[in-house]
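The structure appears right after this line, and notes come after that.
There are 2 protein chains.
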Amino acid sequence: MTYRNLDATTAFSQLITLEALDVSKALTKERIEQALIDAGSSVTYSWAAMPVDESHIEVLQALSDEQQLIQKYHRLLSGEIMNTSENRQVLHHLCRGRVLGESQQVSVDQEEKGAFYQQQLHLIQQFSDDVRSQSIVGSTGKAFTSVVQIGIGGSDLGPRALYLALRGWAEGNNIDQLDAHFISNVDPDDPFDIIDQVDLETTLFILVTKSGTTQETLTNYSVAKQAMEAASLDPSKHMVVVTSKQSPLATSTDFLRSFYIDDYIGGRYSATSAVGAVVLSLAYGFTTFEELLSGAHQSDVAALEPDIRKNAPLFDALVGVYLRNVLHLPTTAVLPYSHALSRFAAHLQQLDMESNGKRVNRDQEVISYQTGPIIFGEPGTNGQHSFYQLLHQGTDTIPLQFIGFTNSQRKRDITTDNSTSQEKLIANLVAQIVAFARGKDDKEPNKQFPGNRYSSLLFAQELTPSVLGTLLAHYENKVMFQGFIWNINSFDQEGVQLGKLLADAVLKGAQGDEVLQAFHTLLT
Amino acid sequence: MTYRNLDATTAFSQLITLEALDVSKALTKERIEQALIDAGSSVTYSWAAMPVDESHIEVLQALSDEQQLIQKYHRLLSGEIMNTSENRQVLHHLCRGRVLGESQQVSVDQEEKGAFYQQQLHLIQQFSDDVRSQSIVGSTGKAFTSVVQIGIGGSDLGPRALYLALRGWAEGNNIDQLDAHFISNVDPDDPFDIIDQVDLETTLFILVTKSGTTQETLTNYSVAKQAMEAASLDPSKHMVVVTSKQSPLATSTDFLRSFYIDDYIGGRYSATSAVGAVVLSLAYGFTTFEELLSGAHQSDVAALEPDIRKNAPLFDALVGVYLRNVLHLPTTAVLPYSHALSRFAAHLQQLDMESNGKRVNRDQEVISYQTGPIIFGEPGTNGQHSFYQLLHQGTDTIPLQFIGFTNSQRKRDITTDNSTSQEKLIANLVAQIVAFARGKDDKEPNKQFPGNRYSSLLFAQELTPSVLGTLLAHYENKVMFQGFIWNINSFDQEGVQLGKLLADAVLKGAQGDEVLQAFHTLLT
Chain A
0 MTYRNLDATT AFSQLITLEA LDVSKALTKE RIEQALIDAG SSVTYSWAAM PVDESHIEVL
60 QALSDEQQLI QKYHRLLSGE IMNTSENRQV LHHLCRGRVL GESQQVSVDQ EEKGAFYQQQ
120 LHLIQQFSDD VRSQSIVGST GKAFTSVVQI GIGGSDLGPR ALYLALRGWA EGNNIDQLDA
180 HFISNVDPDD PFDIIDQVDL ETTLFILVTK SGTTQETLTN YSVAKQAMEA ASLDPSKHMV
240 VVTSKQSPLA TSTDFLRSFY IDDYIGGRYS ATSAVGAVVL SLAYGFTTFE ELLSGAHQSD
300 VAALEPDIRK NAPLFDALVG VYLRNVLHLP TTAVLPYSHA LSRFAAHLQQ LDMESNGKRV
360 NRDQEVISYQ TGPIIFGEPG TNGQHSFYQL LHQGTDTIPL QFIGFTNSQR KRDITTDNST
420 SQEKLIANLV AQIVAFARGK DDKEPNKQFP GNRYSSLLFA QELTPSVLGT LLAHYENKVM
480 FQGFIWNINS FDQEGVQLGK LLADAVLKGA QGDEVLQAFH TLLT
Chain B
0 MTYRNLDATT AFSQLITLEA LDVSKALTKE RIEQALIDAG SSVTYSWAAM PVDESHIEVL
60 QALSDEQQLI QKYHRLLSGE IMNTSENRQV LHHLCRGRVL GESQQVSVDQ EEKGAFYQQQ
120 LHLIQQFSDD VRSQSIVGST GKAFTSVVQI GIGGSDLGPR ALYLALRGWA EGNNIDQLDA
180 HFISNVDPDD PFDIIDQVDL ETTLFILVTK SGTTQETLTN YSVAKQAMEA ASLDPSKHMV
240 VVTSKQSPLA TSTDFLRSFY IDDYIGGRYS ATSAVGAVVL SLAYGFTTFE ELLSGAHQSD
300 VAALEPDIRK NAPLFDALVG VYLRNVLHLP TTAVLPYSHA LSRFAAHLQQ LDMESNGKRV
360 NRDQEVISYQ TGPIIFGEPG TNGQHSFYQL LHQGTDTIPL QFIGFTNSQR KRDITTDNST
420 SQEKLIANLV AQIVAFARGK DDKEPNKQFP GNRYSSLLFA QELTPSVLGT LLAHYENKVM
480 FQGFIWNINS FDQEGVQLGK LLADAVLKGA QGDEVLQAFH TLLT
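Keeping their order, the protein sequence lines are chains A and B. The opening position of the first sequence corresponds to residue 0 in numbering that gives the first Met the number 0, with each subsequent residue numbered one higher. The opening position of the second sequence corresponds to residue 0 in numbering that gives the first Met the number 0, with each subsequent residue numbered one higher.
Right under this line is the structure:
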């Protein structure tokens, strides 16, 4: 296997000679019908409004081949150490619980990892079934009605985004629900707000910290524990933990149950591990979570295809690199036309920016090209009434990633002016794709739209658990491929360490550091 | 008054010759103590970690003088037509209800505008007092316990951000609260979700649409109305409207009350008008809203100061232009270390990106320099566990705007490891400012932090209504000044029109437009 920097590849030297396709002129019925790739779970990826044609695709295929992207994915699946700086395997695909390439045989630390994740999943199934059937109840004998996840970063953003994404679906399908809440921030106004909102007597807490040492999470655990004690409840009957076996919490008897993850599942890739499994199985039932895993697996399978014309995450990754490194566009907006995906962009911010916001390659050399873009986004149509002005008529081009669904989740709608709300939503999505691409001329310059603003589209019939799983894994796989293209390690996060050290120093008085002290004085 | 493009000014030709100050070396105790500007309401702005020193400040002052920024602000206050493309005045400062410069004398359409906004405010005071004291009750005689605002864009983002920002403060100060909810998206999963969450019998709806024609808002109004009728409630006893006198809703008898705004208050600047006043006065009482207005006024006053060293929004605006047009940094992250400000960045996205995402100047000429940046952000410490990796070690520099407070809102805290949560929060904020600025060397390249990443800081003792008002207006005034510097019209939003037209076309079948039809076919 060869690991080389992007700018050392032959394909990249060809790619930079290729002018962007003018999307304002390129859109035709035929192109729209053909520029489609199956992404799994009936999710389809459209690149019709991306600035690439056959000439680009050929070079992007060559880049994929030269950087051995599919082979590297296979290596990752086979348990090769891909997190080089931390000397770790990268095994989140194994959490889907399905045979995929070489992944069934991965053994680390004398443990068959696929079997280990499956075992945890079985324990979670049993536990969530018992809670939902009220075989397990709170310390006063009452059934649990709500769950509160305490975690931050990957222990918060992914699970929260997925939980919100399925509420409407669960209602539309009459799935029994336990309300879920999330506590993340060390700001005390976060935990005390949530604790006031729930009935502690019928609340089950899920403490999620892989290391067992995350400052915010342990602090908020103490808040929750004190609140339960103040309410004369037994915390050990109201709290489970998701942690690693090496964590100081691993063998604690303070918890009703302990579920395990390990160092081979990065926080931002952990939504399909126990980190997401416990809360989602409790909230919507284990079957729902299983469907999500099945959808994620479908993207993982789709990602194995070497032909980029048939591999949605790979195509998405390669075009993204063209936008970033050839057209020099530093930002990407994620625009789901689904209110259920209101926090999906926040999850993708972590997934993408924490994975690929790197300036050294996997061999610890500083690189001289740009890596991960800035991700932001809000659901449509809301964003239309907010920042779309800049997207349409600002001075920068911002590539767009639209997501849309034919049907709404709750199956409740209203007809006004001869159309349903869902029809209006879709009409707006279609209109925006075309408005951004084609633009519009006008006598008055402030009514001109330059157009040629690029977008892709991921779409499906409905946002079901399986479709959601595919979307989640699509982006995980896209980010992984981009990391391979850039020759960086997408699986460490050393950039979070310095702040931790300095925060500790501040808490200890910052002796000898006048700068820390001076800022601290301002704020206290 | 002279209106000239930024690149036609003498000061700008000097500014582009100035190298950025190396912040990694510049921070000292003295600089941190001196680089402070009073922003009003005891809010202070620190530019210590911004890449400017005296040489930059002199040129930025010259730019401010040459572009006549303070004079233009005076002209705006005096009722001059600053929204040139729509031939309208810009009067949101008048909504604070206080004498400010020339603003007390503004008369438009044979109406004294200050008096008009004041009159609306009095009506809102009376109404919210009556609802909160239960003199006005629902159609079945029960007191109102919750309010639901139906609106989108400026009728949603600002009011929602402010509502969330004050919940903890209201709890910490034992203020009686009515729960507020917001419905914005045309996606039917949004309104049906909220309607299921409230008890319609005790819910008051606030319909907010200036034009009275906003598709999303009228559609969701119909959803709410049908739901009330289905519950045998009289909608006209459960719904008020905020609209303009020219709107088709203005004289409708379907509402319990009608409150008015007008075309001189842009949606994104409307949080201190009736658009925000009704929901906030109902939720927290009129006194609270009055304090917010008083805080906003303090920023408006601070913004009158011609010396940029003493004018926080002006300084912030000018440094922002240096970052954008000289250092060519296209993005700004807003990072409030306060969970209460969890949606403040979403409001600023609209405020900034819709105002200054423009490519033509106020005289309808295409300009050749960059305007408004991309805004994104999440509260700290959450962001630290998400996208800060890229901010610290990515390949791009992203200017940061930190916000922090000495005290939390709820006045409830816990001590763990010898510090309170609030102390940990502040320690993290201080640590991040310094980590970004100074960076850190290391033998291992992936543990190196290049540093020299710029940030500003807005801080205060506590996030009270008055402080929140100051923060809100600080950004309104900053955005206004940047628009003046760029010589653009920050008060129209033609970029939202094309999508509306095409969405209508799609809903009517998109006859003759194969491209619209082809995308529509994919999604249906």
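Even for Gly, the Cβ is constructed at its ideal location relative to N, Cα and C.
Chain A contact residues for residue i, given Cβ-Cβ distances below 8 Å
i, result
"residue 189(B)", "338"
"residue 380(B)", "151, 184, 185, 186, 215"
"residue 439(B)", "497"
"residue 513(B)", "27, 28"
"residue 5(B)", "Those do not exist, as residue 5(B) stays about 12 Å from chain A at its closest Cβ, beyond 8 Å."
Alpha-carbon spacing of residue i relative to residue j, whole angstroms
i, j, result
"residue 506(A)", "residue 153(B)", "40 Å"
"residue 332(A)", "residue 470(A)", "16 Å"
"residue 23(A)", "residue 54(A)", "18 Å"
"residue 126(B)", "residue 143(B)", "12 Å"
"residue 139(A)", "residue 230(A)", "11 Å"
"residue 65(B)", "residue 156(B)", "34 Å"
"residue 47(B)", "residue 496(A)", "23 Å"
"residue 350(B)", "residue 324(B)", "20 Å"
"residue 35(B)", "residue 50(B)", "14 Å"
"residue 335(B)", "residue 28(A)", "46 Å"
"residue 123(B)", "residue 277(B)", "6 Å"
"residue 112(B)", "residue 359(A)", "58 Å"
"residue 135(B)", "residue 398(B)", "49 Å"
"residue 233(B)", "residue 147(B)", "16 Å"
"residue 457(B)", "residue 1(B)", "32 Å"
"residue 171(B)", "residue 408(B)", "6 Å"
Closer than 7 Å at the beta carbon, the chain A residues around residue i
i, result
"residue 359(B)", "444, 445"
"residue 426(B)", "502, 505, 506"
Under 9 Å by beta carbon: chain A residues contacting residue i
i, result
"residue 451(B)", "Per Cβ cutoff of 9 Å: no residues; residue 451(B) is ~13 Å from chain A at best."
"residue 24(B)", "Near residue 24(B) there are no residues of chain A at all, since even the closest Cβ is about 11 Å away, more than 9 Å."
"residue 352(B)", "385, 386, 387, 388, 389, 390, 393"
Chain B residues whose Cβ lies nearer than 8 Å to that of residue i
i, result
"residue 377(A)", "345, 348"
"residue 413(A)", "187, 218, 221, 222, 225"
Beta-carbon separation (whole angstroms), residue i vs residue j, contact threshold 8 Å
i, j, result
"residue 275(A)", "residue 158(A)", "4 Å"
"residue 444(A)", "residue 365(B)", "6 Å"
"residue 273(B)", "residue 288(B)", "Not a contact, Cβ separation roughly 11 Å."
"residue 68(A)", "residue 149(A)", "The Cβ separation is near 37 Å, so there is no contact."
"residue 330(B)", "residue 372(B)", "6 Å"
"residue 345(A)", "residue 160(A)", "6 Å"
"residue 188(A)", "residue 338(B)", "5 Å"
Amino acids of chain B, ordered along the chain, whose beta-carbon sits closer than 7 Å to that of residue i
i, result
"residue 518(A)", "31, 429, 432, 433"
"residue 422(A)", "506"
"residue 405(A)", "522, 523"
Amino acids of chain B, ordered along the chain, whose beta-carbon sits closer than 9 Å to that of residue i
i, result
"residue 204(A)", "Neighbours of residue 204(A) on chain B: none; closest Cβ ~15 Å, over 9 Å."
At what residue ranges does the stretch 319-345 of chain B contain a whole run of the beta strand (DSSP E), taking only runs of 3 or more? Listed in chain order, the complete beta strand (DSSP E) runs (minimum 3 residues) inside the stretch 319-345 of chain B are 330-336.
Does the stretch 228-237 of chain B touch the stretch 200-214 of chain B, meaning 3 or more C-beta pairs lie closer than 8 Å? Yes: the two stretches touch, three or more of their Cβ pairs being nearer than 8 Å.
Ignoring anything shorter than 3 residues or poking outside the stretch 434-497 of chain A, list the beta strand (DSSP E) runs there in chain order. Runs found: 454-459.
At a cut of 8 Å, does the stretch 285-299 of chain B reach the stretch 87-103 of chain B through at least three beta carbon pairs? Segments in contact, yes.
Run through the stretch 99-154 of chain A for me and flag every whole alpha helix (DSSP H) of 4 or more residues, listed as ranges in chain order. Qualifying alpha helix (DSSP H) stretches, in chain order: 112-131.
Short of 8 Å Cβ to Cβ, which residues in the stretch 84-114 of chain A face chain E? Protein chains A and B are contained in the structure displayed, whereas chain E is not.
Examine the Cβ distances between the stretch 207-225 of chain A and the stretch 177-188 of chain A and report whether three or more of them are shorter than 8 Å. Touching, yes, given that three or more Cβ pairs across the two stretches are closer than 8 Å.
Note down, one range per segment and in chain order, each beta strand (DSSP E) of at least 3 residues found wholly within the stretch 236-286 of chain B. Those beta strand (DSSP E) runs which fall completely within the stretch 236-286 of chain B and span 3+ residues are 238-243, 256-260.
Check whether the stretch 381-401 of chain B touches the stretch 417-429 of chain A, taking contact to mean three or more Cβ pairs, one atom from each stretch, closer than 8 Å. Note that the stretch 381-401 of chain B does not touch the stretch 417-429 of chain A; fewer than 3 beta-carbon pairs, one per stretch, sit closer than 8 Å.
Contiguous alpha helix (DSSP H) assignments of at least 4 residues, all confined to the stretch 18-104 of chain B: If we require 4 residues or more, the alpha helix (DSSP H) runs fully inside the stretch 18-104 of chain B come out as 22-25, 28-33, 53-65, 68-76.
Spell out a yes or no on whether the stretch 476-495 of chain B and the stretch 306-325 of chain B are touching, meaning 3 or more CB-CB pairs, one atom from each, closer than 8 Å. The stretch 476-495 of chain B and the stretch 306-325 of chain B touch, with no fewer than 3 CB-CB distances between them shorter than 8 Å.
Could you say if the stretch 116-131 of chain A and the stretch 245-264 of chain A meet the contact criterion of at least three C-beta pairs nearer than 8 Å? Yes, the stretch 116-131 of chain A is in contact with the stretch 245-264 of chain A.
Which runs of the beta strand (DSSP E), 3 residues or longer, sit entirely within the stretch 354-397 of chain A? For the stretch 354-397 of chain A, whole beta strand (DSSP E) runs of length 3 or above, ordered along the chain, are 373-375.
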